[in-house]
Each structure stands twice: as structure tokens, then as C-alpha cells.
Amino acid sequence: MGILLIVRQVPFALGMAGDLDTPVGNMPFSLRALTAFAVATVSLDLLASWETRALRRFRLVRLVPAPLAVVLLGIAATLLLDMLSPSLASPAEHRVALPELASIAALSAAIKSADLGPNFAQLLNPDIWRVALTLAVVGSLETLLSLEAVEQIDPKRRPTLPDRELKAQGVGNLIAGAIGGLPITSVIVRSSANVNAGAQSRVSAIVHGILLLVSVFALTGLINQIPLASLAAILIHTGIKLAKPSLFLSVAKQGPGAFAPFIATIIGVLAVDLLFGIALGLAVVVLMVACANLRGPVMFAQHDDHYLPSFRKDVSFVGKVKVKHYLRQIPDRSAVIIDTTRADYIDHDVRDLIDAFVVDARGRGITVEIRQQPHHAKERNGRWLFRNLTAR
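Here my numbering is used: position 100 in the sequence shown is 89, and no number is missing along the way.
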């Protein structure tokens, strides 16, 4: 999430909003882009230094959140440049753009003219179902990831309730769709803003929504003066907090089993989107588990003519080849103890393989003892093979 925030906001911090598809040589980069870059740089410096002891000594710094200070700085820079040097000021496409409603009557007229009701005729449109499924999956995944990220930045490390959050999101999306609203989901930006502002309960989300509603209607003109570079700096700073270098080091120390899916997910998210990145990470995990089961589902010990195949926690069908290879190496007139007491799951193909080995051992003079958990024997449905018996 943090890296995705940073990557998506860097173009706005460089003054390239709306120009991402333009060749670099034809890009109107000049002074206005440098202004956006300067605003973003100063904003990042302010965000980084706002929590230092040198500034925390001042009462005003302790009262005003750092993101609000950055927004006010951006508005001041925009208004000042508009008056003194319009050629350096951020153009309209590089600022927040909210529609202005002069009065309640204008709002009422806008609502009446808009087609807000659901169009049930579109239920037969297959594209609607495809988009709806995509929004549901991506929105749910983003909510779960945001909850995990919020838990990491919460000073008290309070646990969240994913089930309740997803239920509330589903009900909210039903209501939003019925009145013509956009789909809603939990996002890390507003959640981190609440945490950084010292929020202690869910009331902060309600207050946050009320403040947004009032601001959209009462402060539209002022909000439209906020340069996108200032907002980009806030989001980049949030992304840096979420994607600390220490996080990469801690995951790397856990070994390839944790680091490989971690890197695969990051690459997928950056290259395509969030859903693809998560799917790629899961695919890497499944592949690594399959390879691990194929490589080492059983340990094979030998002392003279005594052999001890010892099964580990899970033995899936992919381990059948390795088990078969081990059993074929056992010579005639040997003593074999097959230990499955540490195996929580043994695939039926592997069990059948052991059954066949026990039958074959009778004619080869091999003594076989099978040690297993009681529930494994019950799963054989009364068959006489693969029980805690000795075959001679």
C-alpha cells in the first residue's frame, strides 16, 4: 500500500498531473512544474520536521496537525503566486477541482437534474456484473489491507474486526448505489489521518465525514486553491510510513518463504493493479508450498539393516514420488519402521502406496511396523492395512 501511494503521487509532486501520456520532450515542464516540485519538497520537509522536538516546543505546532499545516502552506503559496506572478502559479488542472454550488437551491436543482436512481434494466448487461465483481473484490481486499496497515500505525495496537467492517461496507455500497453514489471502501489515507490526529474511537470516522461534507459545501472556493503537489506530499509521506525500509529488512530476515511472495505482490501491484498483485503473491505462495512438499515430505534414516521413514506434518499427493523412491531403496530382509505420528494429513494416494509396500514386504522378508495417529487408522474405514500393526 505504501509503495503504491508513493508511485501514484510522484507525478503530481513533479507537476505532471494530466501530462503523463505526453512525451517528455513536449511536456510543459518549465517553471510551473518547478513550482509544484518546490511545493512538494517544502511540504515533505515540513511533514518530516513537524514531529521533532525543536518544533514541538511551540504550542501552535502541537495544536495543528502536520497535514493541515501543509495544506494551508499550499493554499498560501497558490494565492501568493496568483497575485505576484501568475506565470509561476499552479494551473487549474494542477489544483483540486470541486464543483461550486452557490446555494441550497443550486444543490437541489443539481440533484433533480441528475439521474440518481438505479437502472434495473442494466441487470441483464454482463459488463455490469463483471465490473461489480471487480469492485467488490478489489474494494474488500483494499479494506482488509487498510485495516492491517492501520493496526501497524496505531500507537495502541488495537485489533480491528474485519467482518464488521466488510458488512458495513456492503450495506453502505447498497445504499450508495441506490441513490447514485460511488462505491465506498476503507482507505489508508483517511484512516492514517485519523490516527495521526489522535483519534481514539469510531466517532472520529463520523466526525471526519461531517467535516468533509461541510467543507465540500462551505469551503469549496478555498479547497480549490489547494495544489495537488501539497496533497501528493502528504500521501508520499504516508506511503513512506507504511513502507519503511525496516519492514523490508524484517521480511527478508524471515527467509525466502516470506520474502518471495512479498516482492511478488509488490511487483504485481505496481505493474498492474492491487488485485493482480495479491493474486500473484498467492500464486507464489502456492508454488512454494507445492515445491516444499515435493522436496521434503519424509525424512529417511538408516542404521545397518534398519530403516526409518519419518513423515512430517503434511504429506500431499505431490510427495508420492519421493516416498515411492525411498521405499524402493529398502532391500530384502530389512526392518522398517514407518513413523507417521507427526503427520497431520496424509494423502490417500500415499496411504495406498504404503499399503502396497506392506503387502509386498511379506514376500521379501521385510519386517514393517507402522506408527500412526489413531485418527489415521479410523479413516481407513475398517481396512486391515496401514494400521498400528506389525507385518512379518
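Don't be surprised by glycine CBs; every beta carbon is placed ideally from N, CA and C.
Checklist line | Alpha-carbon to alpha-carbon, Ile256 and Asp321 | finding: One-based indexing of the sequence shown puts residue 321 at position 332. One-based indexing of the sequence shown puts residue 256 at position 267. Spanning the two alpha carbons is a distance of roughly 53 Å.
Notebook entry, point to check: To the nearest whole angstrom, what separates the beta carbons of Pro0 and Ala186, a pair I think is in contact under 8 Å?
Noted result: The residue you call residue 0 lines up with position 11 of the sequence shown. The residue you call residue 186 lines up with position 197 of the sequence shown. Pro0 to Ala186, Cβ: 27 Å. No contact.
Note to self: On a Cα-Cα basis, can you pick out the residue from Gly266, Phe248 and Val261 that is closest to Met277?
What the structure shows: Looking up residue 277 in the sequence shown gives position 288. Of Gly266, Phe248 and Val261, the residue nearest in Cα terms is Phe248.
Next item on the list: Kindly indicate which three-state DSSP category Thr329 falls into: helix, strand or coil?
Entry: Your numbering for residue 329 matches position 340 in the sequence shown. Note: Thr329 maps to coil in three-state DSSP.
Check: Which value, in whole angstroms, describes the spacing of the CA atoms of Ala182 and Leu57?
Finding: For the purposes of this step, residue 182 is taken as residue 193 along the sequence shown, with counting starting at 1. For the purposes of this step, residue 57 is taken as residue 68 along the sequence shown, with counting starting at 1. Ala182 and Leu57: Cα-Cα distance of roughly 10 Å.
Check: Does the separation of the CB atoms of Ala167 and Pro107 fall below 8 Å?
Finding: Translated into the one-based positions of the sequence shown, residue 167 becomes position 178. Translated into the one-based positions of the sequence shown, residue 107 becomes position 118. Against a cut-off of 8 Å, the Cβ pair of Pro107 and Ala167 comes out as a contact.
Notebook entry, point to check: With 16 other CB atoms within 10 Å as the buried threshold, where does Leu113 fall?
Noted result: Against the sequence shown, residue 113 aligns to sequence position 124. Classification for Leu113: exposed.
Checklist line | Secondary structure of Glu358, DSSP reduced to three states | finding: Sequence index remark: in the sequence shown, residue 358 carries index 369 (1-based). In this structure, Glu358 counts as strand in the three-state DSSP scheme.
Note to self: Suppose you measure from the CA of Glu89 to the CA of Thr209; what does that come to, to the nearest Å?
What the structure shows: Taking the first residue of the sequence shown as 1, we reach residue 89 at position 100. Taking the first residue of the sequence shown as 1, we reach residue 209 at position 220. Going from the Cα of Glu89 to the Cα of Thr209 covers about 6 Å.
Notebook entry, point to check: Taking the DSSP output, what are the residues bridged to Val304?
Noted result: Within the sequence shown, residue 304 is the residue found at index 315, counting from 1. According to the DSSP secondary-structure assignment, Val304 is paired through a beta bridge with Ile335.
Item checked: Unbroken stretches of the beta strand (DSSP E), 3 residues or longer, contained in the region 226 to 303 -> 287 to 292 and 295 to 300
Note to self: Once the 5 residues before and after Gly(-9) are set aside, which same chain residues still bring their CB inside 6 Å of it?
What the structure shows: On the sequence shown, position 2 is the one that residue -9 refers to. Same-chain partners within the cutoff: Gly228, Leu231 and Ala232.
Item checked: Rounded straight-line distance, which links the Cα of Pro245 to that of Lys311 -> By 1-based counting over the sequence shown, the position of residue 311 is 322. By 1-based counting over the sequence shown, the position of residue 245 is 256. Lys311 and Pro245: Cα-Cα distance of roughly 23 Å.
Checklist line | Own chain residues within Cβ distance below 8 Å of Leu259, not counting five before or after | finding: For the purposes of this step, residue 259 is taken as the residue at position 270 of the sequence shown. Correct list, in chain order: Ile(-8), Leu(-7), Val(-4) and Gly266.
Check: Residues in its own chain within less than 8 Å of Phe26 by CB, not counting five upstream and five downstream?
Finding: For this step, residue 26 is matched to residue 37 along the sequence shown. Here the set comprises Ala2, Leu3, Gly4 and Ala218.
Check: Under the rule that 16 or more other beta-carbon atoms within 10 Å means buried, what is Arg340, buried or exposed?
Finding: The residue labelled residue 340 in the question sits at position 351 within the sequence shown. Arg340 should be labelled buried.
Check: What did DSSP end up calling Arg51 once you bin it into helix, strand or coil?
Finding: As a first step, residue 51 is located in the sequence shown; it is residue number 62 there, counting from the start. DSSP places Arg51 in helix when its eight states are reduced to three.
Check: Looking only at its own chain, which residues have a Cβ that is under 7 Å from the Cβ of Asp143, when we skip the five neighbours before and after it?
Finding: Against the sequence shown, residue 143 aligns to sequence position 154. Same-chain partners within the cutoff: Val184.
Notebook entry, point to check: Between which two residues does the alpha helix (DSSP H) carrying Ile319 extend?
Noted result: Walking along the sequence shown from the start, residue 319 turns up at place 330. Per DSSP, Ile319 belongs to no alpha helix (DSSP H) and is neither H nor E.
Check: Whole-angstrom Cβ separation of Arg84 and Gln(-2), contact assumed at under 8 Å?
Finding: The sequence position of residue 84 within the sequence shown is 95, counting from 1. The sequence position of residue -2 within the sequence shown is 9, counting from 1. Between Gln(-2) and Arg84 the Cβ distance is about 15 Å, and since that is not below 8 Å, they are no contact.
Note to self: To test your reading of the DSSP string, which unbroken alpha helix (DSSP H) runs of 4 or more residues are found completely within the region 142 to 213?
What the structure shows: Unbroken alpha helix (DSSP H) stretches of 4 residues or longer found wholly inside the region 142 to 213: 151 to 167, 177 to 185, 192 to 207 and 209 to 212, given in chain order.
Next item on the list: Please check the pair Ser180 and Ser135, which I expect to be a contact at CB under 8 Å, by giving their CB distance rounded to whole angstroms.
Entry: Locating residue 180 in the sequence shown gives position 191, where the first residue counts as 1. Locating residue 135 in the sequence shown gives position 146, where the first residue counts as 1. That pair is a contact at about 6 Å.
Next item on the list: Could you have a look at Ala56 and say whether DSSP puts it in helix, strand or coil?
Entry: Taking the first residue of the sequence shown as position 1, residue 56 is located at position 67. For clarity, residue 56 is Pro in the given sequence; the question names Ala instead. It is helical.
Notebook entry, point to check: Just checking my contact of Glu131 with Val176 at CB under 8 Å: how many whole Å lie between their CB atoms?
Noted result: Here residue 131 refers to the residue found at position 142 of the sequence shown. Here residue 176 refers to the residue found at position 187 of the sequence shown. Between Val176 and Glu131 the Cβ distance is about 7 Å, and since that is below 8 Å, they are a contact.
Item checked: DSSP state of Pro216 mapped onto helix, strand, coil -> Here the question's residue 216 lines up with position 227 in the sequence shown. DSSP places Pro216 in strand when its eight states are reduced to three.
Check: Quick one: what does DSSP say Arg84 is sitting in, helix, strand or coil?
Finding: Translated into the one-based positions of the sequence shown, residue 84 becomes position 95. Arg84 falls in the strand class under three-state DSSP.
Next item on the list: Could you check the C-alpha separation between Ala194 and Ala188 for me, to the nearest Å?
Entry: Residue mapping note: residue 194 aligns to position 205 of the sequence shown, counting from 1. Residue mapping note: residue 188 aligns to position 199 of the sequence shown, counting from 1. Straight-line Cα distance between these residues: approximately 9 Å.
Note to self: Would Ala279 and Val307 be called neighbours here (beta carbons separated by less than 8 Å)?
What the structure shows: Your numbering for residue 279 matches position 290 in the sequence shown. Your numbering for residue 307 matches position 318 in the sequence shown. Contact flag set, yes.
Check: Taking the DSSP output, what are the residues bridged to Ala324?
Finding: Within the sequence shown, numbered from 1, the residue matching residue 324 stands at position 335. Per DSSP, His295 and Thr356.
Item checked: Proximal residues to Thr254 (C-beta, below 7 Å), its chain only, five neighbours per side dropped -> Numbered from its first residue, the sequence shown carries residue 254 at position 265. The residues are Gly266, Ile267, Leu269 and Gly270.
Notebook entry, point to check: In three-state DSSP terms, what is Pro115?
Noted result: Mapped onto the sequence shown, residue 115 falls at position 126. Of the three classes helix, strand and coil, the one that applies to Pro115 here is helix, per DSSP.
Checklist line | For Leu264, the nearest candidate out of Val127, Asp34, Ser97 and Lys309 (CA to CA) | finding: In the sequence shown, the residue the question calls residue 264 occupies position 275. Of Val127, Asp34, Ser97 and Lys309, the residue nearest in Cα terms is Val127.
Checklist line | Residue span of the alpha helix (DSSP H) that contains Gly(-9), given as start and end | finding: By 1-based counting over the sequence shown, the position of residue -9 is 2. Looking at the DSSP string, the run of the alpha helix (DSSP H) that includes Gly(-9) is Gly(-9) to Ala2.
Notebook entry, point to check: Taking the C-alpha atoms as reference points, what is the distance between Val50 and Val178?
Noted result: Counting from 1 along the sequence shown, the entry for residue 50 is found at position 61. Counting from 1 along the sequence shown, the entry for residue 178 is found at position 189. C-alpha separation (whole angstroms): 21 Å.
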